[in-house]
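Under my numbering, the sequence shown has 63 at position 75, and the numbering climbs by one with no breaks.
Working notes, beginning with the structure itself.
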Amino acid sequence: MARIRDDLRALSGYHSPQVDVTVRLNTNEAPFAPPAEFVSTLAQRLAGVEWNRYPDRAAVSLRTGLAALHGVPVEQVMVANGSNEVLQSILLAFGGAGRRAVVFEPGYQMHAQIARNTATPVEIIERDSEMLIDIRSALASLSAGPPAVVFVTSPNNPTGRCEPRDTVRALVEHAGQHLIVVDEAYVQFAGADLLDLVSDGAPVIVTRTFSKTWGMAGLRLGYAIGATELMSALELVTLPYHVDAAKLIAGELALDFVAEMDARVAETVAERERLRGRLCDLGVDVGPSEANFLLIGTGSRPAVMVWEGLVEHGVLVRDCSGWPGLAGRLRVTVGSPSENDAFVTALEEVLR
Ligand SMILES: *Cc1c(COP(=O)(O)O)cnc(C)c1O
């Protein structure tokens, strides 16, 4: 039998258990579909695709739209199949053997997972007691060792907290030969972003996705914004025509609905605060969040039992209690008002 790479054999994949329940609050998807007019216009436009032809390899039109949205030159934008593919391209171009990926725990587990897939050694730095990046440990790590891809997630998943701007600015200022990646998958739910750290010559790439805010997890579209020379490096490792014709059209069309999507984001943020309030009233330990999810503590109850109890009540959340630094924690996505109420009712019964 063919033998898998030795370094992959020991690893287990990243999976969020998919259980068949009515209320799914485990993967931070949006509770809303995109606007109906988006869906109907998309159907019309897809009817006009020349399916026998390869799509625009450079995705110029979609990239131009994204560049306009963010007020950056088109050369500073790269698109891919979800931001996870962007992250993979970054590691293919800037990681690999003899280099390293620096991740802060607790954090998004895919960063380390994709690093391992690309044979990039992973260096883990623990967060401070506030669950933020400890800048002294981070700078100490950057001052020694091989070239690093440093993953900053802001807001962080699963803690929901934004990294202070000064922390990220300090990382960029001390980056030298290293690359700072700022994963902003949830940034539209937060007060501020870090996009202004990007400029030609700056060793920073910001990544974004249509999966969360845009309610288009099914589309698999993500993008990167960074210095022109960094984007050219990513181009070297992307497969030809990797973004298909349908996705190019859907992504570009979505940009006509920014106002509608902003309104949905505002609703989710309001709903997040309402849910937080209800959990606080129940006496549940719930931290602040600038994303579309909340991290809760299960107190004296084992988190796994609370998770199972919720599943029995038809509610699926993410059990983070096995992740480093997150004992006793569950992550719940902010859903629709009725989904959130179902979650609170179920939690109340499970904790009773
Ligand atoms: C959900 C998520 C992503 C999104 O990945 P896609 O491939 O765009 O769906 C990226 N980063 C973080 C931190 C996430 O939580």
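Beta carbons: idealized from backbone N, C-alpha and C, even for Gly.
Computed from a prediction, not measured in an experiment: that's the story for all the values here.
Reference residue i; option with closest CA among the options
i: Thr29; options: Phe82, Pro146, Ala234 and Val110; result: Ala234
i: Ser187; options: Met249, Ser117, Leu236 and Pro61; result: Pro61
i: Arg51; options: Val37, Ile112, Asn40 and Val67; result: Val67
i: Ala330; options: Arg262, Glu172, Val11 and Leu270; result: Val11
i: Val91; options: Arg(-9), Ile123 and Asn14; result: Ile123
i: Val140; options: Ala100, Arg208, Leu304 and Gln6; result: Ala100
i: Ala81; options: Ile193, Ala126 and Asp8; result: Ile193
i: Leu282; options: Asp307, Val299, His301 and Glu300; result: Asp307
i: Ala251; options: Arg264, Pro191, Phe20 and Val9; result: Phe20
i: Ser324; options: Ser309, Ala254 and Ala(-10); result: Ala254
i: Val305; options: Gly95, Gln6, Ala47 and Met(-11); result: Gln6
i: Gly133; options: Val169, Ala158, Arg266 and Arg88; result: Arg88
i: Glu93; options: Ala107, Leu79 and Val138; result: Val138
i: Leu222; options: Ala46, Gly275 and Asp8; result: Ala46
i: Ser220; options: Tyr174, Ser309, Val48 and Glu63; result: Glu63
i: Val303; options: Asn14, Pro109 and Asp(-5); result: Asn14
i: Val9; options: Glu336, Glu337 and Glu327; result: Glu327
i: Ala345; options: Ala242, Leu270 and Glu336; result: Within the shown structure, residues of the chain are numbered from -11 to 340, placing residue 345 beyond reach of any answer.
i: Thr116; options: Pro312, Asp44, Asp269 and Ser49; result: Reading off the sequence shown, one finds Asp at residue 116, where the question assumed Thr. Cα-wise, what sits closest to Asp116 is Pro312.
i: Asn280; options: Cys268, Ala258 and Glu300; result: Ala258
i: Leu298; options: Met204, Leu335 and Gly203; result: Leu335
i: Glu240; options: Ser49, Gly36, Asp(-5) and Trp39; result: Ser49
i: Thr106; options: Glu337, Ile121 and Ala85; result: Ala85
i: Phe198; options: Met249, Thr108 and Val274; result: Met249
i: Gly203; options: Ala158, Tyr42, Glu278 and Ala173; result: Ala173
i: Pro191; options: Val156, Val37 and Phe245; result: Val156
Classification of residue i by the beta-carbon crowding that lies within 10 angstroms, buried from 16 upward
i: Gly83; result: buried
i: Leu224; result: exposed
i: Ile(-8); result: exposed
i: Asn72; result: buried
i: Trp295; result: buried
i: Ala247; result: exposed
i: Thr321; result: buried
i: Thr333; result: exposed
i: Arg340; result: exposed
i: Pro397; result: Only positions -11 to 340 of the chain appear in this structure, which leaves residue 397 out of reach.
i: Ala(-10); result: exposed
i: Met293; result: exposed
i: Arg(-3); result: exposed
i: Gly95; result: buried
i: Ser131; result: exposed
i: Ala56; result: exposed
i: Pro276; result: exposed
i: Leu263; result: buried
i: Ala126; result: buried
i: Arg260; result: buried
i: Val160; result: buried
i: Ser272; result: A quick correction: the sequence has Val, not Ser, at residue 272. Flag for Val272 reads buried.
8 Å contact criterion, which residue i and residue j should meet: CB distance rounded
i: Asp113; j: Gln76; result: Note that residue 113 corresponds to Ile in the displayed sequence, not to Asp. That pair is no contact at about 22 Å.
i: Leu183; j: His58; result: 6 Å
i: Glu111; j: Ser129; result: 6 Å
i: Ala18; j: Thr195; result: That pair is no contact at about 18 Å.
i: Gly210; j: Val65; result: That belief does not hold up - the Cβ atoms of Gly210 and Val65 are roughly 11 Å apart, past 8 Å.
i: His166; j: Pro135; result: 6 Å
i: Leu34; j: Ile237; result: 7 Å
i: Val170; j: Pro143; result: In fact, because the Cβ distance is near 11 Å, the residues do not count as touching under 8 Å.
i: Ala212; j: Gly189; result: Not a contact, Cβ separation roughly 16 Å.
i: Asn16; j: Arg208; result: Not confirmed; about 15 Å, so no contact.
TODO: Determine contact between the stretch 141 to 154 and the stretch 167 to 179, defined as no fewer than three beta-carbon pairs at a distance below 8 Å.
DONE: yes
Open item on the list: Quick test of the definition: if touching needs 3 or more C-beta pairs under 8 Å, does the stretch 18 to 27 touch the stretch 212 to 229?
Closed with: no
- [ ] Mind the definition here: the stretch 285 to 297 touches the stretch 314 to 328 only if three or more C-beta pairs lie below 8 Å; say whether that holds.
- [x] yes
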